[in-house]
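**Q** Provided herewith is a single structure, encoded as structure tokens, for subsequent inquiry.
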Amino acid sequence: RRRWLATRPERAWPHLLVGLSEARLGSALLEERPLYTLPPARRRAVIAAWTAAAAAFEAALARDPALGPAHAGLLRLERAGARGRSARALFERARQHAGASWSVLDEMLQAAGTTPGMSRKTLEYLHGVTRRAERRHPDFRGLA
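Our numbering numbers the first residue of the sequence shown as 1177 and each following residue consecutively.
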């Protein structure tokens, strides 16, 4: 992955792939347990994987600001417990740049059910997006 990234540093997709791989590594190390319950060495490994994933996603977004999966990856990291980013700022940036990307909408829907501070704003945004989009994309009717 890193070799591919080095051969195409100007492209967004290699950065996205590295971000997804690092995020998956962090999830595997976490083993669906709360971060604070992990031994210190494993906790540091999870945080390092999350940090590398966030950096890769940000690099992908610097090259393509409308890349929905990178926005979704950052939202997923924030929801998993990675700190240092504001959920509100991530949602706003995703809304402005990625619009109604399926991956971003899915992450926003997930967060709406788990993040009390974001629920109302997220659901209002999802409602507006799906109402406007369902005429063109009938599949949005289910999400609406």
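Just so it is clear, CB atoms sit at the ideal spot from N, CA and C, and this is done for glycine as well.
If I'm right that Ala1249 touches Ala1204 with Cβ under 8 Å, what's the distance once you round it to whole angstroms?
**A** In the sequence as displayed, the identity of residue 1249 is Gly instead of Ala. Wrong, their Cβ atoms sit about 15 Å apart, outside the cutoff.
**Q** Which residues mark the beginning and the end of the alpha helix (DSSP H) in which Ser1274 is found?
**A** Here the sequence assigns Ala to residue 1274, which means Ser is not the residue at that position. From DSSP, Ala1274 is part of no alpha helix (DSSP H); its letter is neither H nor E.
**Q** Drop a sphere of 10 angstroms on the beta-carbon of Trp1322, count the other beta-carbons inside from all chains shown, and report buried for 16 or more, exposed for fewer.
**A** Residue numbering for the chain in the displayed model covers 1177 to 1320; residue 1322 lies beyond these limits and cannot be assessed.
**Q** Whose C-beta lies closer than 6 Å to the C-beta of Gly1202 among residues of the same chain, with five residues either side of it excluded?
**A** Val1222, Ala1225 and Trp1226
**Q** Candidates Leu1196, His1303, Arg1177 and Thr1183: which alpha carbon is nearest Ala1246's?
**A** Leu1196
**Q** Answer yes or no: do Leu1251 and Leu1192 have a C-beta to C-beta separation smaller than 9 Å?
**A** no
**Q** Below 9 Å between beta carbons: does that hold for Ala1217 and Val1194?
**A** no
**Q** For the alpha helix (DSSP H) that Leu1193 lies in, which residues bound it at each end?
**A** Ala1188 to Leu1206
**Q** Under 9 Å, do Ala1188 and Leu1237 count as touching if we go by C-beta distance?
**A** yes
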